[in-house]
């Protein structure tokens, strides 16, 4: 699907009824997961579990990182895309509402974020919790970066797989 729009996928990545929303500068996936908000949010706010739920298989999170509790915190991950070399990313927490919202801006070490925002939102819903994961790059202004890198760096299928992995992780 090109441009803005929403499509629904039923179970192709382990979660029934995944909704995919694309715009020219964002990609989001959403589904209702049959797990309480508190259990899901506890997984997301723990950086050590991010590699466990990463549907792209590109994240390695080093030990020793505290749970996220506030805006202004940072957590580090190694990113490794197939055929490339691993590189560190410092994630700057820019939104935190317990049980509702967690968002961060990744950046190379010692540089400010480019403007790519990863966001998870949660809301109670019939049958469980409505969960949305969004990658939004509308704030990226570095034109050289935009010419060099295709955004988002992950697919809707990989993001949808993260929803399925989040559900499994929250149950464990």
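In the working numbering, the protein residues as written are 9 to 180. Every residue, glycine too, gets a C-beta built ideally from N, C-alpha and C. Here the structure is a predicted model, which is why all the values come from computation and not from measurement.
If distances are taken between C-alpha atoms only, which option among the options comes closest to residue i?
i           : options               : result
residue 95  : 175, 66 and 127       : 66
residue 159 : 142, 173 and 175      : 142
residue 162 : 144, 148, 149 and 73  : 144
residue 71  : 152, 84 and 91        : 84
residue 153 : 131, 49 and 122       : 122
residue 129 : 117, 105, 118 and 146 : 105
For my contact list, residue i and residue j are in at a C-beta cut-off of 8 angstroms; report their separation, rounded to the angstrom.
i          : j           : result
residue 98 : residue 115 : 5 angstroms
Since residue i sits in a beta bridge, which residues does DSSP pair it with?
i           : result
residue 144 : 34 and 125
residue 96  : 86
residue 109 : 105 and 129
residue 137 : 41 and 132
Under three-state DSSP, which class holds residue i?
i           : result
residue 41  : strand
residue 159 : coil
residue 151 : helix
residue 114 : strand
residue 179 : helix
residue 23  : coil
residue 76  : coil
residue 57  : helix
residue 11  : The pLDDT assigned to residue 11 is 47, lower than 50, so where the model puts this residue is not dependable, and the model offers no usable value.
residue 69  : coil
residue 64  : coil
residue 81  : coil
Return yes when the C-beta of residue i is under 8 angstroms from any heavy atom of the ligand GTP, and no when it is not.
i          : result
residue 99 : Among the components of this structure there are no ligands whatsoever, and the ligand GTP is therefore not found.
On the three-pair Cβ rule with 8 angstroms, is the stretch 37-47 touching the stretch 136-151? yes
Are at least three pairs of beta-carbons, each pair with one atom in the stretch 52-64 and one in the stretch 24-36, less than 8 angstroms apart? no
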